[in-house]
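The numbering of the sequence shown is numbering that gives the first Met the number 0, which starts it at 0 and goes up by one.
See below for the structure under consideration.
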Amino acid sequence: MVSVVILAAGFGTRIKSDTPKVLHTLCGKSMIEYVIDTALQISSDVHVVLYNQKEKIQAFLQDKYAWYIADKITFHTQLHDKYPGTGGALMQENKQLIDIKGTKVLILSGDTPLVTCNDLEKLVNGGGAINLCVFQTQNPYGYGRIIKKTQNTSSKEECFAIESIIEEKDCDITQKQIDVVNAGIYCFERKILQDYIPKLDSNNAQQEYYLTQVIELASQDFRENKDLKSNADSRDIFAFMCCEENMLGINTKLHLSQAEQILLTRLRNKAMEQGVIMQIPESIYIESDVCFEGECVLENGVRITGKSYIKNSHIKAHSVVEESEITQSDIGPHAHIRPNSNIKDSHIGNFVECKNASLEGIKAGHLSYLGDCVIGSGSNVGAGVITCNYDGMKKHKTHIGKNVFIGSDCQLVAPVNIADNVLIGAGSTITKNIEEGSLSLARSKQVNYPNGFYKFFTQKSE
Numbered sequence: 000m001v002s003v004v005i006l007a008a009g010f011g012t013r014i015k016s017d018t019p020k021v022l023h024t025l026c027g028k029s030m031i032e033y034v035i036d037t038a039l040q041i042s043s044d045v046h047v048v049l050y051n052q053k054e055k056i057q058a059f060l061q062d063k064y065a066w067y068i069a070d071k072i073t074f075h076t077q078l079h080d081k082y083p084g085t086g087g088a089l090m091q092e093n094k095q096l097i098d099i100k101g102t103k104v105l106i107l108s109g110d111t112p113l114v115t116c117n118d119l120e121k122l123v124n125g126g127g128a129i130n131l132c133v134f135q136t137q138n139p140y141g142y143g144r145i146i147k148k149t150q151n152t153s154s155k156e157e158c159f160a161i162e163s164i165i166e167e168k169d170c171d172i173t174q175k176q177i178d179v180v181n182a183g184i185y186c187f188e189r190k191i192l193q194d195y196i197p198k199l200d201s202n203n204a205q206q207e208y209y210l211t212q213v214i215e216l217a218s219q220d221f222r223e224n225k226d227l228k229s230n231a232d233s234r235d236i237f238a239f240m241c242c243e244e245n246m247l248g249i250n251t252k253l254h255l256s257q258a259e260q261i262l263l264t265r266l267r268n269k270a271m272e273q274g275v276i277m278q279i280p281e282s283i284y285i286e287s288d289v290c291f292e293g294e295c296v297l298e299n300g301v302r303i304t305g306k307s308y309i310k311n312s313h314i315k316a317h318s319v320v321e322e323s324e325i326t327q328s329d330i331g332p333h334a335h336i337r338p339n340s341n342i343k344d345s346h347i348g349n350f351v352e353c354k355n356a357s358l359e360g361i362k363a364g365h366l367s368y369l370g371d372c373v374i375g376s377g378s379n380v381g382a383g384v385i386t387c388n389y390d391g392m393k394k395h396k397t398h399i400g401k402n403v404f405i406g407s408d409c410q411l412v413a414p415v416n417i418a419d420n421v422l423i424g425a426g427s428t429i430t431k432n433i434e435e436g437s438l439s440l441a442r443s444k445q446v447n448y449p450n451g452f453y454k455f456f457t458q459k460s461e
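Here you go:
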């Protein structure tokens with residue numbers, strides 16, 4: 000069995016925000032959600048280690064993963080004042096390893112959201128007592144440098160044995176030139192952690208307990224052929240070369256932006272592979288929980304967020320869809336579909352805004368607000384129509400039946416019910432229910448005054 004430990008106890012000061020670093024979002028989801036979702040594909044025993052703003056992070060995750068908390072996700076609080084650092088994150092009192100079920104333990108970082116299952120499976124299935132992800136980079140600053148067991152090993156080799164990892168602040172000038180670095184993702188035999196976590200010390204520049212020291216101590220004992228009672232096929236420590244973008248750790252808002260661009264590219268590519276047409280893909284924003292089905296077209300500047308579901312629809316330029324379902328419809332351009340809208344077989348045109356609206360088989364061509372309403376098939380909504388849904392204290396519903404024709408510039412003051420087959424004259428303010436088959440007019444009578452123009456301006460000039 001494999002257990003997963005996610006380290007999320009850091010202060011995240013470089014991101015310069017009151018929001019905990021791991022709760023910053025990428026394409027609609029917090030970065031730690033991506034890590035947990037990946038971990039749950041690997042293991043049913045996931046541990047999250049917290050410290051800074053632990054109450055806020057734990058409450059957020061308990062809400063998001065309510066179904067998993069009981070038997071799959073466990074929270075731990077790092078004894079940071081006593082045992083700081085990545086190694087300290089795995090310590091209980093007396094420096095003993097936290098309670099973990101698996102015979103293998105994957106260690107992930109809560110701020111590395113782009114890691115894939117494929118990356119983790121390499122480590123789980125690797126032959127070493129310790130396996131870790133590494134990558135080659137042009138800018139190794141800030142990362143621990145990989146000291147290879149055989150120095151002539153090619154940097155392009157996918158898997159190789161290593162001697163140790165030297166943290167940035169402990170590197171000498173020569174070591175700082177190394178461009179293969181530690182990604183901070185490991186798979187240990189639990190026996191290794193049980194043996195070496197209590198042996199860690201904080202004799203380094205940062206005076207912290209480094210998880211990488213486990214590798215250093217184990218490597219030394221491997222060389223001396225000590226009996227570690229390891230279950231691994233090999234006593235070697237193996238590094239697996241991974242894609243640099245998958246290993247991107249987020250420490251600043253620049254990193255956050257870079258990670259989101261990578262994730263957006265993945266989401267766009269996945270959607271297009273599923274059959275979605277995108278015009279100028281780099282201008283389109285879609286979030287990770289958006290689903291497409293059938294033939295969909297997204298024009299430039301489209302933004303789709305939340306758990307939106309789009310089926311066989313055309314979303315025109317610069318339209319926004321938030322947490323809504325759209326089927327067999329064309330939306331926009333410049334339309335705004337706000338949360339909890341359900342639109343089927345409809346045309347929603349220029350500058351129409353919908354919110355919490357159920358619309359089936361309707362036409363709303365331009366310049367309307369349809370909020371908290373239900374509109375039946377065959378109905379036509381003229382320009383400038385507004386459902387007045389808020390009375391200053393609470394929201395109210397507007398119910399519109401089938402085959403209703405609403406003229407331009409009408410106000411429908413909720414709560415109000417409009418039956419089937421109704422005609423409402425332009426400029427009407429509707430405050431009462433309308434029965435089936437009615438023609439409704441609710442506007443002031445027009446009065447024309449002959450020569451009124453001349454009289455008005457003559458009086459003004461005098």
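By construction, the Cβ of each residue, glycine as well, lies at the ideal position given by its N, Cα and C atoms.
Alpha carbon to alpha carbon, how far is residue j from residue i? Give it in angstroms, no decimals.
| i | j | result |
| --- | --- | --- |
| residue 165 | residue 147 | 11 Å |
| residue 384 | residue 353 | 12 Å |
| residue 408 | residue 372 | 17 Å |
| residue 273 | residue 437 | 47 Å |
| residue 102 | residue 1 | 6 Å |
| residue 442 | residue 59 | 51 Å |
| residue 521 | residue 35 | The structure shown has nothing for residue 521, since the chain only spans 0 to 461. |
| residue 13 | residue 311 | 44 Å |
| residue 388 | residue 432 | 15 Å |
| residue 254 | residue 185 | 22 Å |
| residue 257 | residue 266 | 14 Å |
| residue 244 | residue 37 | 16 Å |
| residue 133 | residue 344 | 51 Å |
| residue 279 | residue 125 | 41 Å |
| residue 410 | residue 370 | 12 Å |
| residue 316 | residue 271 | 17 Å |
| residue 160 | residue 131 | 10 Å |
| residue 143 | residue 179 | 9 Å |
| residue 450 | residue 281 | 60 Å |
| residue 81 | residue 55 | 22 Å |
Please return the same chain residues whose Cβ sits closer than 8 Å to the Cβ of residue i, not counting the five positions on each side in sequence.
| i | result |
| --- | --- |
| residue 228 | Here the model assigns residue 228 a pLDDT of 48, short of 50, so the residue's position is not dependable, and the following value carries that caveat. Excluding sequence neighbours, residue 228 sits near 190. |
| residue 306 | 288, 289, 290 and 322 |
| residue 263 | 26, 284 and 285 |
| residue 426 | 406, 407, 408, 409 and 442 |
| residue 209 | 84, 85, 86, 166, 199 and 203 |
Leaving aside the five residues before and after residue i along the sequence, list all residues of the same chain whose C-beta is less than 6 Å from its C-beta, in chain order.
| i | result |
| --- | --- |
| residue 297 | 277, 283 and 314 |
| residue 462 | Absent from the model: residue 462. The displayed extent of the chain is 0 to 461, so no value can be given. |
| residue 465 | Missing from the structure shown is residue 465; the chain here goes from 0 to 461 and no further. |
| residue 375 | 400 and 401 |
| residue 341 | 324 and 357 |
| residue 381 | 405, 406 and 407 |
| residue 351 | 334, 363 and 367 |
| residue 361 | 345, 374 and 378 |
| residue 293 | 310 and 311 |
Around the C-beta of residue i, are 16 or more other C-beta atoms found within 10 angstroms, so that it is buried, or is it exposed?
| i | result |
| --- | --- |
| residue 32 | buried |
| residue 290 | exposed |
| residue 181 | buried |
| residue 544 | The structure shown does not extend to residue 544, since the chain is modelled only from 0 to 461, so the question has no answer here. |
| residue 222 | exposed |
| residue 393 | exposed |
| residue 308 | buried |
| residue 334 | buried |
| residue 348 | buried |
Identify, in the order they occur along the chain, each residue of the same chain with its Cβ nearer than 7 Å to the Cβ of residue i, setting aside the five sequence neighbours on each side.
| i | result |
| --- | --- |
| residue 251 | 13 and 14 |
| residue 162 | 146, 147, 148 and 218 |
Following a CB-centred definition, is residue i positioned closer than 7 Å to any heavy atom of the ligand GTP?
| i | result |
| --- | --- |
| residue 264 | As far as ligands go, the structure on display features none, and thus does not contain the ligand GTP. |
Checklist entry - For the stretch 2–18 against the stretch 107–115, are there 3 or more C-beta pairs whose distance is under 8 Å? => result Using a C-beta cut-off of 8 Å, the stretch 2–18 makes contact with the stretch 107–115, since at least three inter-stretch Cβ pairs fall below that distance.
Checklist entry - At a cut of 8 Å, does the stretch 196–208 reach the stretch 111–121 through at least three beta carbon pairs? => result The stretch 196–208 makes no contact with the stretch 111–121; the number of CB pairs closer than 8 Å stays below 3.
Next on the checklist: Quick check for students: name the residue ranges of the beta strand (DSSP E) that lie wholly in the stretch 283–322, counting only runs of 3 or more.
Outcome noted: 290–292, 302–304, 308–310 and 319–321
Item to check | the stretch 412–423 touching the stretch 389–398, judged by at least three CB pairs closer than 8 Å | outcome: Cβ pair count under 8 Å is three or more, so yes.
Item to check | Segment contact, 8 Å Cβ cut-off, at least three pairs: the stretch 182–201 with the stretch 210–218 | outcome: yes
Checklist entry - Does the stretch 69–81 come within contact of the stretch 169–182, defined as at least 3 CB pairs closer than 8 Å? => result No, they do not touch.
Item to check | beta strand (DSSP E) segments (min. 3 residues) lying fully within the stretch 80–131 | outcome: 103–108
Next on the checklist: Please give the ranges of any alpha helix (DSSP H) in the stretch 231–277, keeping only runs that are unbroken, at least 4 residues long and fully inside the region.
Outcome noted: Whole alpha helix (DSSP H) segments, 4+ residues: 252–272.
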